[in-house]
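Take 7 as the starting number for the sequence shown in our numbering and just add one per residue.
The C-beta atom is built at its ideal place from N, Cα and C for all residues, glycine as well.
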Amino acid sequence: MIQSSHELWSVMRLVDGVEVLELQMVGVSGRSVIHPTLIWDGDTVMMIDAGFPGLLPQIREAMSNAGIPFDRLNKVAITHQDIDHIGSLPDIVREAPHEIEVLAHAEEKPYIEGTKPLIKLNPDRLLKMAGSLPKEQRRQMEALMANPPKAHVDTTVVDGQVLPYCGGITVIFTPGHTPGHICLYLNHSKILVAGDAMVVVEGELRGPNPRSAYDIDTAVKSLQKLTPFNIETVVCYHGGVYEDGASARIAELASASD
Ligand SMILES: [Zn+2]
């Protein structure tokens with residue numbers, strides 16, 4: 007479905023032990039830029055979200071450029087089931103020299119494991135779109151629907167759980183974009199890895215995108231789950247890093263949902 011005609015990537019170090027990877031894809035709906043986050047401490051190297059299918063070469067290059075080679079990766083946390091977040095997960099698990107522990111919320115586990123069809127990889131929606139696509143892209147999309155990415159989820163996480171890695175990582179259950187979406191708060195650096203709970207558009211932090219949400223009302227309400235945290239930096243998978251008064255801006259977005 008998604009062609010990587012250019013191997014484009016860059017990396018951005020937020021603090022020691024936290025790097026944002028910026029990966030660019032040229033796909034059926036044009037150019038797409040995504041932002042997986044890499045965190046590490048001692049023996050733990052965790053990637054948060056795993057990109058579109060076919061991105062492993064870029065992930066490898068970006069990681070080695072960040073000074074954290076792919077071979078050190080041992081955990082992947084998935085914020086939610088969408089194809090741009092789990093696409094390269096099977097390749098990562100297969101190619102990594104170490105056992106990779108995959109973490110996700112229990113609500114997302116059956117979709118990631120392929121026992122339930124991915125909510126947004128909906129044949130009706132995609133076939134309608136595929137009808138107007140060039141033949142090769144249509145063929146790729148049909149192949150993806152016939153064989154979506156899947157991987158075993160080793161560890162399910164729950165709201166409020168603090169994962170004992172990298173100075174403590176708090177799981178925040180923020181359903182709406184999908185039924186089991188989570189954000190991850192890095193306690194030490196006060197960085198919120200927001201997945202698709204929010205987006206950055208033209209430098210502005212915004213609430214969840216209604217066009218891609220499974221349940222937009224729930225997604226907007228979930229912003230209230232974020233307000234108790236002292237957040238200095240937000241990493242949105244779509245749009246990247248936001249730092250300008252992050253907690254205040256999130257409070258503003260959350261109060262609009264009352
Ligand atoms: Zn996404």
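**Prompt:** Which residue comes first and which comes last in the beta strand (DSSP E) that contains T162?
**Reply:** T161 to V163
**Asked** Does at least one heavy atom of ligand 1 sit under 8 Å from the Cβ of Y271?
**Response** Residue 271 is absent from the model: the chain starts at 7 and stops at 264.
**Message:** Quick check: does the Cβ of Y243 come within less than 8 Å of any heavy atom belonging to ligand 1?
**Reply:** yes
**Prompt:** Any chance the stretch 89 to 109 sits against the stretch 212 to 228, with 3 or more Cβ pairs inside 8 Å?
**Reply:** no
**Request:** State the beta-bridge partners of V21 as determined by DSSP.
**Result:** V24
**Prompt:** Do A72 and V21 have their C-beta atoms within less than 9 Å of each other?
**Reply:** no
**Straight-line Cα distance separating Q167 from R145** = 42 Å
**Message:** Using a Cβ-Cβ cutoff of less than 7 Å, which residues in the same chain neighbour K156 once the five nearest sequence positions on both sides are dropped?
**Reply:** P96, I118, E119 and G120
**Item:** Segment contact flag, the stretch 56 to 65 with the stretch 175 to 195, C-beta cutoff 8 Å, min 3 pairs
**Value:** no
**Asked** Taking L265 as the reference, which of H187, Y243, R217 and V247 has the closest Cα?
**Response** With the chain covering 7 to 264 only, the question about residue 265 has no answer from this structure.
**Message:** Is it buried or exposed, K141, if we count other Cβ atoms within 10 angstroms and call 16 or more buried?
**Reply:** exposed
**Request:** Could you have a look at Q64 and say whether DSSP puts it in helix, strand or coil?
**Result:** helix
**Classification of K115 by the beta-carbon crowding that lies within 10 angstroms, buried from 16 upward** = buried
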